[in-house]
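Going by UniProt numbering, the first residue of the sequence shown is number 1, and it counts up by one from there.
Read through the structure below, which is laid out as structure tokens, and then see the notes.
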Amino acid sequence: MLMPSIIDDNLFDDWFDDDFYMPYVPDMSRVDKKLYGNKAAREMKTDVKETDQGYEVAVDLPGVKKDDVTVELNDGYLTISAKKNVGNDKKDKNGKYIRRERYSGTMSRSFYVGKDMKQEDVHAAFNDGILTLQLPKKDAAKQIEDQKHQIKIA
């Protein structure tokens, strides 16, 4: 079946998915390829914007429900996790699937935000498939205090 190039699919994709031909795939793991196909490296696109008050993080999560998104702060790492359930049935009441490109699975991404970040300081909203997080900047006085503890190298 011929597919338009806008689908971003390629005749050789399945061939190069074989470990015999491509033993080292630097941009994604086998699990990611199984869950998200050849688009795994592009999942959870994230923008980070600095503002006067802090940082705004926007994460694209198309097709994910708000209840399937979690945000955790542990040991200075902010971890965003999401799960997507499309269903894996080979057939539904209207017929059988010939090609399935949508997958069910989980994905997560972590960012180091510093050990001083408190859970109550992080504010999150989820609208139209976009998770938006507001993170405060480190207090300027605290930054100066941290610099006082640095050892100068001669």
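Note that beta-carbon positions come from the ideal geometry of N, C-alpha and C, so glycine has one too.
Assuming residue i is part of the beta strand (DSSP E), what are its boundary residues?
i: methionine 107; result: 105-112
i: isoleucine 80; result: 77-84
i: glycine 54; result: 54-60
i: glutamate 72; result: 69-74
i: glutamate 101; result: Glutamate 101 -> no beta strand (DSSP E), and no H or E assigned at all.
i: valine 122; result: Unbroken run through valine 122: none, as it is neither H nor E.
i: isoleucine 130; result: 130-136
i: lysine 115; result: Where lysine 115 is concerned, there is no enclosing beta strand (DSSP E), given that its DSSP letter is neither H nor E.
i: lysine 66; result: Unbroken run through lysine 66: none, as it is neither H nor E.
What separation, rounded to the nearest whole angstrom, lies between the Cα atoms of residue i and residue j?
i: residue 226; j: valine 86; result: In this structure the chain extends from 1 to 154, so residue 226 is not present and cannot be described.
i: glycine 76; j: serine 104; result: 29 Å
i: valine 59; j: lysine 45; result: 6 Å
i: methionine 117; j: glutamate 50; result: 16 Å
i: serine 110; j: glutamate 120; result: 18 Å
i: valine 122; j: asparagine 74; result: 12 Å
i: isoleucine 153; j: leucine 131; result: 42 Å
i: aspartate 47; j: arginine 100; result: 29 Å
i: glutamate 43; j: isoleucine 151; result: 41 Å
i: lysine 93; j: tyrosine 112; result: 46 Å
i: lysine 96; j: aspartate 52; result: 54 Å
Considering only C-alpha positions, which residue in the set the options is nearest to residue i?
i: aspartate 57; options: Lys66, Gly63 and Thr79; result: Going by the sequence as given, residue 57 is valine instead of aspartate. Out of Lys66, Gly63 and Thr79, Thr79 has the C-alpha closest to the C-alpha of valine 57.
i: glycine 129; options: Pro62, Arg109, Asp121 and Met44; result: Pro62
i: arginine 102; options: Lys45, Gln119 and Val64; result: Val64
Apart from the five residues just before and just after residue i, which ones in its own chain have a Cβ nearer than 7 Å to its Cβ?
i: phenylalanine 126; result: Lys66 and Val69
By Cβ distance, which residues of its chain are closer than 6 Å to residue i, with the 5 residues on each side in sequence left out?
i: alanine 124; result: Val71 and Leu133
i: serine 81; result: Thr70 and Ser108
i: lysine 34; result: Low local confidence applies: a pLDDT of 49 at lysine 34 is under 50, so the model's placement there is unreliable, and no value is given.
Can you tell me the Cβ-Cβ gap for residue i and residue j, rounded? I've got them flagged as a contact below 8 Å.
i: lysine 138; j: threonine 106; result: No, lysine 138 and threonine 106 are not in contact; Cβ-Cβ is about 31 Å, not under 8 Å.
Can you list, in chain order, the residues of its chain whose CB lies under 8 Å from that of residue i, leaving out five sequence neighbours each side?
i: glycine 54; result: Gln134, Leu135, Pro136 and Lys137
i: glycine 114; result: Gly76 and Lys138
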